[in-house]
Structures are given as structure tokens and as C-alpha cells.
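Working notes for the structure below.
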Amino acid sequence: MPIVVNGTELNDAEVEEELALHQDSDNPLHAAVTARILRIVMLDEAKRLGLPADDEEQAIGALLESQAASNAPDEAACQRFYQANLLRFTVGACVEADHILFQVTPQVDLEALRSKAEAVLQEALAAPERFGELAQTYSNCPSAKVGGSLGQLSRGDSVPEFERVLFQVTAGTVHPNLIHSRHGMHIVRVTHAEAGRQLPFEMARAEIEQVLTAMARDTAWRQYLKVLVSRAQIEGIDLAGMAEGENIMGAGFAHGQHEHEHAHAHEHKHAHEALMASLQQAQTDALQAHQEAHQHEHFHQPSHAGCTCGGGGNGQGGCA
1 MPIVVNGTEL
11 NDAEVEEELA
21 LHQDSDNPLH
31 AAVTARILRI
41 VMLDEAKRLG
51 LPADDEEQAI
61 GALLESQAAS
71 NAPDEAACQR
81 FYQANLLRFT
91 VGACVEADHI
101 LFQVTPQVDL
111 EALRSKAEAV
121 LQEALAAPER
131 FGELAQTYSN
141 CPSAKVGGSL
151 GQLSRGDSVP
161 EFERVLFQVT
171 AGTVHPNLIH
181 SRHGMHIVRV
191 THAEAGRQLP
201 FEMARAEIEQ
211 VLTAMARDTA
221 WRQYLKVLVS
231 RAQIEGIDLA
241 GMAEGENIMG
251 AGFAHGQHEH
261 EHAHAHEHKH
271 AHEALMASLQ
281 QAQTDALQAH
291 QEAHQHEHFH
301 QPSHAGCTCG
311 GGGNGQGGCA
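The UniProt record's numbering numbers the first residue of the sequence shown as 1 and each following residue consecutively.
What follows is the structure in C-alpha cells.
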């Protein structure tokens with residue numbers, strides 16, 4: 001059955017062009033088709049409103065900016081964000097840590113892996129001096145070769161879900177619980193910690209405004225796109241039935257933007273990505289990732305030498 005959007009049948013050539021931008025998706029074809037549908041819906045609305053534009057990207061950007069504007073955050077909102085994220089607004093904080101990784105893969109027996117990880121954790125708690133030996137024996141991370149050492153890690157050097165716990169571990173101890181991250185389950189020992197110093201609100205305010213503005217903007221744009229989709233006449237596909245977590249994060253919308261070096265090009269790309277995320281029912285995760293990416297970019301100077309997945313801040317390798 002052909003897919004028809006507002007009376008226009010999807011063109012195979014256009015879908016093929018989009019397909020090249022979605023090869024990392026779990027379902028590249030579905031991702032490409034969905035991206036093309038959303039593009040058509042927005043372009044049709046921009047045309048209906050008579051918005052001037054030289055190309056598709058400008059039309060989409062003009063539509064979103066004119067129809068889904070958001071308010072700038074006030075002083076109180078910025079203060080609340082700052083107080084709720086004090087640990088993020090520090091400079092100089094670092095830890096020296098070791099870990100044992102039990103990597104989670106699609107083929108692994110998760111319950112068996114968890115049981116094994118818990119058993120090794122109890123060994124590490126009972127005999128912390130054996131941590132390096134246990135890492136060499138059990139860890140699935142390259143750092144196993146050096147006793148699980150991740151070296152010195154600053155904020156932003158590791159994945160957020162790992163970092164949130166890591167910086168709360170008391171120096172000189174093994175954390176009493178497994179830490180869960182996108183890489184698997186970790187047993188962690190912190191050997192040394194530096195608290196760093198708090199960044200004053202006045203110094204953080206401009207960047208907080210950027211983060212809150214982006215979050216409000218993305219929310220407004222996502223909601224607007226949902227309204228447009230609900231109004232559109234779409235046949236041959238159920239957009240509401242998209243699989244949760246399907247990776248179609250707006251690559252199609254970003255296509256061709258490198259040709260336009262106007263001031264809002266970068267914003268448009270990220271907004272389109274957020275819009276796609278909302279239709280995949282992943283709004284919370286998308287906002288959190290967006291927020292953390294901005295914070296790390298503006299407040300930290302990460303070093304990822306020796307590790308492809310975020311750890312190894314001192315060049316010793318690691319999966320954190």
C-alpha cells in the first residue's frame with residue numbers, strides 16, 4: 001500500500017535519499033520513511049502559511065520559529081536549575097578510580113551475569129586489596145590489564161549514569177552496590193577524590209539560560225509537530241505505532257544544512273532531532289541527554305584518551 005501524505009504519494013527516490021542518513025537506526029527504512037513524512041507535513045504547513053524560504057531547511061526553520069516560540073527562562077527558573085544541579089557546576093573535581101565491568105550484550109544471560117557480578121562484589125568488599133586481581137580475572141573492560149584502573153576522571157569524562165554515582169563514592173572504599181550503565185554492571189573502587197570548587201551562579205547563569213531555553217524550545221517544537229501530524233492526512237503508515245527507542249533522530253531534517261551557514265542552522269538541527277525523539281516516546285531521555293551534553297560542553301574539559309566509551313581519563317583505558 002502506498003504511503004500518501006496530504007495527497008502526495010511518497011517518492012521512492014526521496015525515501016532512498018533519506019535512507020542513507022538513517023543507517024544507524026534499528027529499522028533504517030522505517031526511519032527514512034518517517035523522516036520524509038514529517039518533513040512533508042512541515043513543508044506543507046509552511047507553504048499554507050505563505051512563509052518565504054529559499055529551500056526546505058529555511059522553510060522548516062521559519063515555520064517552527066514563527067509558530068512554536070518559547071519564552072526565555074526567568075531568574076527564578078535559572079536559580080532553581082542551579083540549586084538542583086550543584087554538583088554539575090563544579091570545577092576541578094576529580095577522582096582516581098578502578099572498576100570491574102560485567103558487560104551486558106544481547107546474547108548474555110542477564111540474571112546469571114548479575115548473580116556473578118554480585119558475588120564478585122562481595123569478594124571485593126571483603127578483601128579490597130584483591131580488587132586488581134579480581135578485575136584482571138573478571139572484568140570485560142580493557143582496563144582489566146591494569147587492575148581495572150580508570151586513572152583520573154573529571155566530570156564529563158564518563159557516561160552520565162556512571163558518573164552520577166562515581167562522584168558520590170567515598171575515597172578509599174569499594175562502592176557497596178553495583179553501578180548500572182549503558183555498558184553493563186560495574187564494581188567500583190575510588191582510591192582518591194578531589195572535591196573541586198563550586199562555580200558561582202553568576203558565572204553559570206548564561207549557560208543555564210542556554211540550557212533552559214533549548215529545553216523549552218524543544219518542548220514547544222515537539223508539541224507543535226504533534227499537532228501538525230494529528231491534522232495531516234496520512235495513509236499507509238501509523239506514526240503512533242513507531243517502536244519505542246527507534247533511532248530516527250532527525251538525520252533527514254539535518255540533510256543539506258551544511259550548505260546554509262546562517263546563524264540558526266545548528267539550532268534547527270538539534271530541534272529537529274528532539275522533534276523526532278518525541279514521536280518515539282523518548283522525550284525525557286532526549287531532554288536529559290541534551291541537557292547533560294550542553295553542561296559538559298560548557299563547563300568541563302573532558303579527556304577520553306584510551307577508551308572508546310567514555311572512561312580512561314588518564315589514558316589507561318576503560319568502559320565507563
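Yeah, the Cβ is synthetic: ideal placement off N, Cα and C, and Gly gets one too.
- Here the stretch 97–110 lies against the stretch 186–195, with 3 or more beta-carbon pairs under 8 Å apart.
- Note on geometry: alpha-carbon atoms of alanine 69 and tryptophan 221 lie some 8 Å from one another.
- Per DSSP, reduced to three states, the secondary structure at threonine 213 is helical.
- When secondary structure is reduced to three states using DSSP, methionine 203 falls in the helix class.
- No Cβ-Cβ contact shorter than 7 Å links methionine 42 with glycine 236.
- Taking C-beta atoms under 8 Å as the contact rule, tyrosine 138 and valine 165 fail to qualify, at a distance of about 20 Å.
- For the stretch 130–163, the continuous alpha helix (DSSP H) assignments of 4+ residues that do not extend past its boundaries occur at 131–138, in sequence order.
- The residue from Ile208, Val227, Ala193 and Asp218 with its alpha-carbon nearest to that of cysteine 94 is Ala193.
- Assignment of beta-bridge partners to histidine 186 by DSSP yields Leu101 and Ile179.
- Taking 7 Å as the cut-off, the Cβ atoms of leucine 125 and valine 174 count as close.
- Within 10 angstroms of the beta-carbon of leucine 225 lie 16 or more other beta-carbons, which makes it buried.
- In this structure glutamine 58 is buried. Its beta-carbon is surrounded by 16 or more other beta-carbon atoms within 10 angstroms.
- The criterion of a C-beta distance shorter than 7 Å is not satisfied by valine 91 and glycine 184.
- The beta carbon of asparagine 71 is closer than 6 Å to none in its chain, skipping five residues each way along the sequence.
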